[in-house]
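The sequence shown: position 284 = 283 (numbering that gives the first Met the number 0), numbered continuously.
Note that beta-carbon positions come from the ideal geometry of N, C-alpha and C, so glycine has one too.
Quick caveat, the model's predicted, so the values are computed rather than measured.
Accompanying notes for the structure given below.
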Amino acid sequence: MTEADILKALSNVQEPDLGKDLVTLNMIKDIHIDGDNVSFTVVLTTPACPMKDMMRTACINAIVLFVNKQAKVQVNFTANTSSNRKDAGQQLLPGVKNIIAVVSGKGGVGKSTVAANLALALAQNGAKVGLMDADIYGPSVPIMFGVRGERPMMREVNGKGMIVPLERYGISLMSIGLLVDEKNAVVWRGPMASSAIKQFVTDVDWGNLDYLVIDMPPGTGDIHLTLMQTVPVTGVVIVTTPQAVALADAKKGIAMFGQAQIKVPIIGLVENMAYFTPAELPDNKYYIFGKEGGKKLAEEYEIPFLGQLPLIQSIREGGDLGIPAMMGDDASAKRPIEYFAGIAARNIAIRNATARATKVIETTI
């Protein structure tokens, strides 16, 4: 066996999303051959890739079939998270590869819970992740991550004083709730709230991140426009619940990001609180808010469906205690979140490979 033999064999293995083989995509490195033993590394476009096992099997089969039937193959994985930002070095947050806005048409659908656990799931797969709480009027990060009362530090970066995000569970956190007393209401007009969001971008030292997940306020207002006019948003994840009143507002969110003046890609739609599963009957599903409303909405608008997340007591309890579901022990809560995060990461990689470069929008809305 030679390195050329290995590469020729692996040229028959397709990357399932990008439609090209692993060799053409320069995804193979560190080939080592010792008799019948061969090892190499596949460089994924996201550490949260849900197709690892399928790709491992395909690589092993290709070498056994085309090179050496006695080969003992070890396939390793690493990741170089993809990005597609226009003139990234000249924009704000140049060290952030992907900016993902988590949005909802209305409040109460679990958007903050989804954003928090998406960030944690990506981080647990090896990505460097930040979570910005842009819900100025109803910040949730301090409670959900158990950092109530903590304050971020300041440090000088290139002669400018910058806020240092808090670190919790391996991700960087920033929220207005870390800067004001939680008993005080944030009574600001739209321009002032928008100014705060700009400061979360310009005055916070986010450093180098694979993903910056932004928990947006509900609705389609000033803060959404300000964010998209300030930083290049890679795409949005839309959160809804199955009932008609939530779906009606989710449609408004879909319409907003599809407008010609905005045109921010929709990574997909996730249906939260899709069904209730009691702890004592983990195999039972009760569709108390309706069945598959989010899935049907995604099909209607031809946008990717990212999965269904259950209504489980442990998810609520964990959020209240500062231990999000992805940091807990309830597998029935974690599995659907891991699936959702994997599909979202996969869709981000596809978007980066196939769609136009991310850029700041220009709109007079």
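By a C-beta neighbour count over all protein chains shown, 10 Å radius and 16 as the cutoff for buried, is residue i buried or exposed?
i      : result
Ala245 : buried
Asn124 : buried
Gln307 : buried
His223 : buried
Ala278 : exposed
Thr80  : buried
Leu268 : buried
Ile287 : exposed
Met325 : buried
Arg84  : buried
Lys251 : exposed
Gly158 : exposed
Tyr168 : buried
Arg350 : buried
Glu181 : exposed
Met153 : exposed
Val12  : buried
Classify residue i as helix, strand or coil using the three-state DSSP reduction.
i      : result
Arg150 : coil
Gly267 : strand
Tyr285 : strand
Tyr210 : strand
Val163 : strand
Ala254 : helix
Asn36  : strand
Ser193 : helix
Asp319 : helix
Gln13  : strand
Leu130 : strand
Met326 : helix
Lys262 : coil
Ile302 : coil
Phe144 : coil
Measure how close the beta-carbons of residue i and residue j come, nearest whole angstrom, since I'm counting them as under 8 Å.
i      : j      : result
Gly317 : Ile142 : With 8 Å as the limit, Gly317 and Ile142 do not qualify as a contact, their Cβ atoms being about 11 Å apart.
Val63  : Ala70  : 6 Å
Thr276 : Pro241 : So it is not a contact: roughly 14 Å between Cβ atoms.
Val236 : Asn271 : Not really, about 11 Å apart at Cβ, beyond 8 Å.
Met227 : Asp134 : With a Cβ gap of about 16 Å, Met227 and Asp134 do not count as contacting.
Asp132 : Gly176 : 7 Å
Ile253 : Thr225 : Incorrect: roughly 20 Å between the Cβ atoms, too far for contact.
Gln73  : Ser38  : 4 Å
Lys47  : Ala340 : Correcting the residue type first, residue 47 is Ala in the shown sequence and not Lys. Correct: roughly 6 Å between the Cβ atoms.
Distance check for residue j and residue i, CA to CA, integer angstroms please.
i      : j      : result
Pro49  : Arg188 : 43 Å
Asn75  : Leu130 : 29 Å
Ile314 : Phe256 : 29 Å
Val128 : Asp209 : 6 Å
Asn346 : Val140 : 25 Å
Ala3   : Leu121 : 34 Å
Ala78  : Arg334 : 22 Å
Leu305 : Ala118 : 15 Å
Leu165 : Glu149 : 8 Å
Val230 : Met0   : 49 Å
Ser193 : Thr201 : 12 Å
Ile27  : Glu14  : 12 Å
Arg147 : Ala343 : 29 Å
Asn97  : Val263 : 13 Å
Ala405 : Gly18  : In the structure as shown, the chain begins at 0 and stops at 364. Residue 405 is therefore absent and cannot be evaluated.
Lys284 : Ala8   : 45 Å
Phe144 : Ile265 : 27 Å
Gln198 : Asn67  : 58 Å
Asp20  : Ser10  : 5 Å
Please tell me whether residue i has its Cβ less than 8 Å away from any Cβ of chain B.
i      : result
Pro309 : Reference to chain B is not applicable here, since this structure consists of a single protein chain.
Every unbroken alpha helix (DSSP H) within the stretch 45 to 127, with a cutoff of 4 residues, ordered by chain: The qualifying runs are 51 to 65, 110 to 123.
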